[in-house]
Amino acid sequence: MTDAASRLHSQSPKPRAGGAGPDWPYPEPAGYRSVHKPLLEALVYGFICLVVTVVSLVLAVPRLEGELLLGLSGVALAIVFAWLGVRGVRDALEEARVGEETVRAGLPCWGRIVHTARGQYANKVNHLRWIQMKLTVEPYAAKTSRSIPGERQYAVGERVAEQVTFTWYISELQMAMLQPGHYCAFLLHPTHRSKVYLDSFATPQGSIVPLQ
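Following the numbering used here, the residues of the sequence shown are numbered contiguously, the last one being 367.
Here it is as structure tokens:
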């Protein structure tokens, strides 16, 4: 446990009465926040769609005179794959943009965990298993010195939204923190209320556990 976490634990702050959230300082990570940018995957996907589009046109155009139906089917297939390629690249660029905005201008929140559900995917990195989890939390504004451009100023502990639901890959070593009543620290996108960047977990007593 870090020195900052030890101090928070020794103070044993409690969530305030009346439904307000905890007044714990937001645990800013010491390192760089890495934002997932699926641009490479999107470019590969777009290239495959482009190849299929070109091949479909090459095979379809000569048939337009003799075999009209087959030729038109090939052209339609080419149009569909061209549209899928453009959409894939566009969605990847949008995801990267929103991720960077969340890190740069997100509202620091404490989320009280209400419900968790296991997702469909899991990864294994360095012999450690990461499981996709869906979290539903009650978000409260955290105490922070960060400036939030363009965002209304919430009081510490003020409820930011009714609930926020998001998915994140969680280490199998930290699954015990996903208990209802525990908290997680995350940055909430100013407008996309399902877009977050998860930083830490915390027990109801305020003991901080950084995300691994």
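For every residue, glycine included, the Cβ atom is placed at its ideal position computed from N, Cα and C.
For Arg314, DSSP records a beta bridge to Tyr295. When DSSP states are grouped into helix, strand and coil, Asp246 belongs to the helix group. Gln360 is positioned such that its CB atom lies no closer than 8 angstroms to that of Ile268. The residue from Ala185, His344, Gln318 with its alpha-carbon nearest to that of Thr291 is Gln318. With fewer than 16 other Cβ atoms from the protein chains shown falling within 10 Å of its own Cβ, Ser349 counts as exposed. Counting only runs of 4+ residues, no alpha helix (DSSP H) is found wholly inside the region 308-363. The straight-line gap separating the alpha-carbon atoms of Gln329 and Gln367 is approximately 8 angstroms. Non-local C-beta neighbours of Gln287 in its own chain, meaning closer than 7 angstroms and more than five positions away in sequence, comprise Gly274, Gln275, Tyr276, Ala277, Thr322, Tyr324, ordered along the chain.
In this structure, Gly336 keeps its C-beta atom at 8 angstroms or more from the C-beta atom of Pro294.
Between Ala175 and Gly261, the gap from beta carbon to beta carbon reaches 8 angstroms or more. Beta bridge pairing from DSSP links Gly274 with no other residue. Within the DSSP secondary-structure output, Gln287 pairs in a beta bridge with Tyr324. CA-CA distance, Val351 to Leu343, rounds to 5 angstroms.
Cβ contact annotation for Phe356 (same chain, cutoff 6 angstroms, sequence separation greater than five): Met332, Cys339, Val364, in chain order. Ranked by Cα distance from Pro177, the options Lys289, Arg314, Glu255, Thr320 are led by Arg314. Taking 8 angstroms as the cut-off, the Cβ atoms of Leu353 and Ser326 do not count as close. If you draw a 10 Å sphere on the C-beta of Ala310, you find fewer than 16 other C-beta atoms in it, and that means exposed. Secondary structure of Leu239 (DSSP, three-state): helix. Burial check for Pro184: the Cβ neighbour count within 10 Å stays below 16, so the residue is exposed. Around Val258, the same chain offers Arg188, Val190, Leu342, Tyr352 as residues with beta carbons nearer than 7 angstroms, after the five sequence neighbours per side are excluded. Taking a 10 Å sphere around the C-beta of Ala231, we find fewer than 16 other C-beta atoms and assign the residue as exposed.
Looking at the backbone, the Cα of Thr358 and that of Pro180 are separated by about 14 angstroms.
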